[in-house]
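Asks: In terms of our numbering, the sequence shown is residues 50 to 531. Positions of the beta carbon are idealized from the N, C-alpha and C atoms, including for glycine. Fair warning: this is a prediction, and the values are worked out from it, not measured in the lab. Structure incoming, see below.
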Amino acid sequence: MLPPPGSHARRFRSVALATVALAVVLGALGLFVAVSQQESRSQLVANFKLRGSASATLVSTYIAQQAARQRQSAEQLMSVPTVTGSRFRTVATAFGAQGAVLLDSQGAIVNVTPSSAGRIGQSLTSYETTRDALHNRTAVSDVLPSPNGLQSIVSIAVPFETALVGRRIFAAAYTVDGPQLEAFVDHAIAYPQHEVLLIDRRGRLLSASPRTPASSIWGANLPLARALAGRTTGSVQGAKVPSTFTVAPISRTPWRMVLMVPNSKLFASISGSAQFTPWLVFGLVTVLGALLLALFARLLSDRSRLSLLSAELESIARTDPLTGLSNRRGIDEGLARAFARTRRRGEPMTALMIDIDRFKAVNDRFGHEAGDRVLVAVAECMRDALRVEDIYGRIGGDEFVVLMPGADEIAGRSAAERLEKLAASVNLSELGLPNGIPMSIGQASGVHMRPEDLMRVADAELYRVKDAHRAGAQGATAATSR
Numbered sequence: 050m051l052p053p054p055g056s057h058a059r060r061f062r063s064v065a066l067a068t069v070a071l072a073v074v075l076g077a078l079g080l081f082v083a084v085s086q087q088e089s090r091s092q093l094v095a096n097f098k099l100r101g102s103a104s105a106t107l108v109s110t111y112i113a114q115q116a117a118r119q120r121q122s123a124e125q126l127m128s129v130p131t132v133t134g135s136r137f138r139t140v141a142t143a144f145g146a147q148g149a150v151l152l153d154s155q156g157a158i159v160n161v162t163p164s165s166a167g168r169i170g171q172s173l174t175s176y177e178t179t180r181d182a183l184h185n186r187t188a189v190s191d192v193l194p195s196p197n198g199l200q201s202i203v204s205i206a207v208p209f210e211t212a213l214v215g216r217r218i219f220a221a222a223y224t225v226d227g228p229q230l231e232a233f234v235d236h237a238i239a240y241p242q243h244e245v246l247l248i249d250r251r252g253r254l255l256s257a258s259p260r261t262p263a264s265s266i267w268g269a270n271l272p273l274a275r276a277l278a279g280r281t282t283g284s285v286q287g288a289k290v291p292s293t294f295t296v297a298p299i300s301r302t303p304w305r306m307v308l309m310v311p312n313s314k315l316f317a318s319i320s321g322s323a324q325f326t327p328w329l330v331f332g333l334v335t336v337l338g339a340l341l342l343a344l345f346a347r348l349l350s351d352r353s354r355l356s357l358l359s360a361e362l363e364s365i366a367r368t369d370p371l372t373g374l375s376n377r378r379g380i381d382e383g384l385a386r387a388f389a390r391t392r393r394r395g396e397p398m399t400a401l402m403i404d405i406d407r408f409k410a411v412n413d414r415f416g417h418e419a420g421d422r423v424l425v426a427v428a429e430c431m432r433d434a435l436r437v438e439d440i441y442g443r444i445g446g447d448e449f450v451v452l453m454p455g456a457d458e459i460a461g462r463s464a465a466e467r468l469e470k471l472a473a474s475v476n477l478s479e480l481g482l483p484n485g486i487p488m489s490i491g492q493a494s495g496v497h498m499r500p501e502d503l504m505r506v507a508d509a510e511l512y513r514v515k516d517a518h519r520a521g522a523q524g525a526t527a528a529t530s531r
């Protein structure tokens, strides 16, 4: 038998579409692998920069704490008009300073250690740190030559206020090879091969890891010094091995923390097999692409059928199959949400319990199909009489329930009257109900009452109403017989 006309064309279109889809998927996968590797590389660089910033923050915090201790000691011990030389030396020695000066509000020397009588009254406003401190700012210097010509120093100058002589400045000088700064650079990064330099704005070294006899970054690492020009992160051209650097400024100082590591260490987690494995997987996916597409299409089809079946089962579980109204489970689920809303807003809620009068007589005389017609008719009346936000349904036999969030007693009574009126207008003469469907309705309303309590009160009211209807019917029968 020949294939139907056009089947080859349809098959060709299907194959072409599958090929295009496979090419798109593989292209997207290849792009994803490339982008992921680039993002991983960028994330490692970002973590490297974050490490530098964290180390810089530690140094900044140490300097700020040291300055705060200087200010506190100065305010306690050097606020008097005359500070003795012995007291001043004691304070400077307590801070481990190699030298210190006490300046007045004009930047002139009031006291100095090591002692030098010839320097008393000398102005130090030529120093940037002095000018900053005179403007009430804590100042940290670049690397300075030591007055004794030995070790280089840095100065921390703190202004403080006195009650008798106004503002003063306490400036302490520390050697740059102190153990505190060495500890910071030694622990700045965990890579076994690294270079960490703490430098001032002119590139002079305060500390380095590993140690170096050089006094500046130019002597310690010339390629790194050149790489710093105008950049804060990047590769180091001319390094012995390909390397990456980052620079983090030390807040409130003219210093910078410089970190450099070999790329083989920085990108070790995405190098070697970690770099090529994704592309090997990509090749395998390419070989199995057609099969994956077929399985994916089958999966989508199965999921769609399962979703439809699940939704249908959920609807069946919440719906009365005869009337199409909610069953007890559906009512309970809707009621939980409605009750939480009314309780939160402090609104009333009304419950109506409904029972069809003489329903058993209809069933016994005309059969269950006739009873089903009555139940369906009542359901239609409820849909017409009640609000969209009302929760209602059939809870069993000829019993129905209505929960009306936000409705008070008057609104509930109005709804009950509408429902009774609509039910009375239904013409079921062939079922012995020429005057419509008779029903009894029990009502209960309240604020902050639990739904089960409302339904219990409404159920009790329903029995009272049914008894009244039954008594009225018996009285009418007796009067007719007389």
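State the DSSP-derived secondary structure class of residue 219, mapped to helix, strand or coil.
Replies: Residue mapping note: residue 219 aligns to position 170 of the sequence shown, counting from 1. Of the three classes helix, strand and coil, the one that applies to residue 219 here is strand, per DSSP.
Asks: Taking the alpha-carbon positions, what's the residue 518 to residue 354 distance?
Replies: For the purposes of this step, residue 518 is identified with residue 469 of the sequence shown, where counting begins at 1. For the purposes of this step, residue 354 is identified with residue 305 of the sequence shown, where counting begins at 1. If you take the alpha carbons of residue 518 and residue 354, they lie about 51 Å apart.
Asks: According to DSSP, is residue 19 helix, strand or coil?
Replies: The shown model of the chain, from 50 to 531, leaves out residue 19, and the question about it has no answer.
Asks: Between the segment 217-227 and the segment 117-128, do three or more beta carbon pairs fall short of 8 Å?
Replies: With the cut-off at 8 Å, the segment 217-227 and the segment 117-128 touch.
Asks: Does residue 73 come out as helix, strand or coil in the three-state DSSP assignment?
Replies: As a first step, residue 73 must be located in the sequence shown, where it is residue number 24. Correct three-state label for residue 73: helix.
Asks: Among residues of its own chain, excluding the 5 on either side of residue 255, which ones have a beta-carbon nearer than 7 Å to its beta-carbon?
Replies: Residue numbering aside, residue 255 sits at position 206 when the sequence shown is read from its first letter. Correct list, in chain order: 192, 203, 225, 230, 247, 248, 249, 304.
Asks: Is residue 233 near residue 107, with beta carbons less than 7 Å apart?
Replies: For the purposes of this step, residue 233 is identified with residue 184 of the sequence shown, where counting begins at 1. For the purposes of this step, residue 107 is identified with residue 58 of the sequence shown, where counting begins at 1. Yes, the Cβ-Cβ distance between residue 233 and residue 107 is below 7 Å.
Asks: From the DSSP output, which residues share a beta bridge with residue 112?
Replies: The residue labelled residue 112 in the question sits at position 63 within the sequence shown. Partner(s): none; residue 112 has no beta bridge.
Asks: For the 8 Å Cβ check, are there 3 or more pairs between the segment 206-215 and the segment 268-286?
Replies: Touching, no, given that fewer than three Cβ pairs across the two stretches are closer than 8 Å.
Asks: Distance, Cα to Cα, residue 58 vs residue 65?
Replies: As a working note, residue 58 is residue 9 in the sequence shown. As a working note, residue 65 is residue 16 in the sequence shown. Rounded to the nearest angstrom, the two C-alpha atoms are 10 Å apart.
Asks: Pull the bridge partners of residue 450 from the DSSP assignment, please.
Replies: As a position in the sequence shown, residue 450 is number 401, starting the count at 1. For residue 450, which the question treats as bridged, DSSP gives the partners 402, 442.
Asks: Here's the rule: buried if 16 or more other CB atoms are within 10 angstroms of the residue's CB, otherwise exposed. What is residue 105?
Replies: As a working note, residue 105 is residue 56 in the sequence shown. Answer is buried; the Cβ neighbour count reaches 16.
Asks: Determine the DSSP secondary structure at residue 50, reduced to helix, strand or coil.
Replies: Taking the first residue of the sequence shown as position 1, residue 50 is located at position 1. A caution first: residue 50 carries a pLDDT of 46, below 50, which makes its placement in the model unreliable, though a value can still be read off. Looking at residue 50 - three-state DSSP - the assignment turns out to be coil, as it is neither helix nor strand.
Asks: Kindly provide the ranges of any beta strand (DSSP E) runs that are 3 or more residues long and lie completely inside the segment 369-423, ordered along the chain.
Replies: The qualifying runs are 397-405.
Asks: What ranges does the beta strand (DSSP E) occupy inside the segment 141-208, keeping only unbroken runs of at least 3 residues that lie completely in it?
Replies: Those beta strand (DSSP E) runs which fall completely within the segment 141-208 and span 3+ residues are 148-152, 158-162.
Asks: If you drop the 5 nearest sequence neighbours on each side, which residues of the same chain put their C-beta closer than 8 Å to that of residue 50?
Replies: For the purposes of this step, residue 50 is taken as the residue at position 1 of the sequence shown. Any reading at residue 50 needs caution, since the residue's pLDDT is 46, under 50, leaving its predicted position unreliable; the model's value is listed next. Here the set comprises nothing.
Asks: State buried or exposed for residue 531, treating a residue as buried only when at least 16 other CB atoms are found within 10 Å of its CB.
Replies: Position 482 of the sequence shown holds residue 531. Caution is warranted here: a pLDDT of 49 is assigned to residue 531, below 50, making its placement in the model unreliable, and no coordinate value can be reported.
Asks: Are there any heavy atoms of the ligand NAD lying less than 6 Å away from the beta-carbon of residue 241, as far as the coordinates show?
Replies: In terms of ligand content, the structure shown is empty, and the ligand NAD therefore cannot be addressed.
Asks: Under 8 Å Cβ to Cβ from residue 515, same chain only, skipping five residues before and after it: list those, please.
Replies: The residue you call residue 515 lines up with position 466 of the sequence shown. Cβ within range, chain order: 404, 406, 489.
Asks: Name the DSSP beta bridge partners of residue 248, please?
Replies: Within the sequence shown, residue 248 is the residue found at index 199, counting from 1. DSSP output for residue 248 lists 254, 305 as bridge partner(s).
Asks: Does the contact criterion of 3 or more C-beta pairs under 8 Å hold for the segment 416-433 versus the segment 468-475?
Replies: Cβ pair count under 8 Å is three or more, so yes.
Asks: Is the Cβ-Cβ distance between residue 494 and residue 391 less than 7 Å?
Replies: Counted from its first residue, the sequence shown places residue 494 at position 445. Counted from its first residue, the sequence shown places residue 391 at position 342. No, the pair does not count as a contact, with Cβ atoms beyond the cut-off.
Asks: Determine the burial state of residue 365: buried for a count of at least 16 other Cβ atoms within 10 Å of its Cβ, exposed for fewer.
Replies: Within the sequence shown, numbered from 1, the residue matching residue 365 stands at position 316. Per the 10 Å Cβ criterion, exposed.
Asks: Helix, strand or coil for residue 293 per DSSP?
Replies: For the purposes of this step, residue 293 is identified with residue 244 of the sequence shown, where counting begins at 1. Residue 293: strand per DSSP, three-state reduction.
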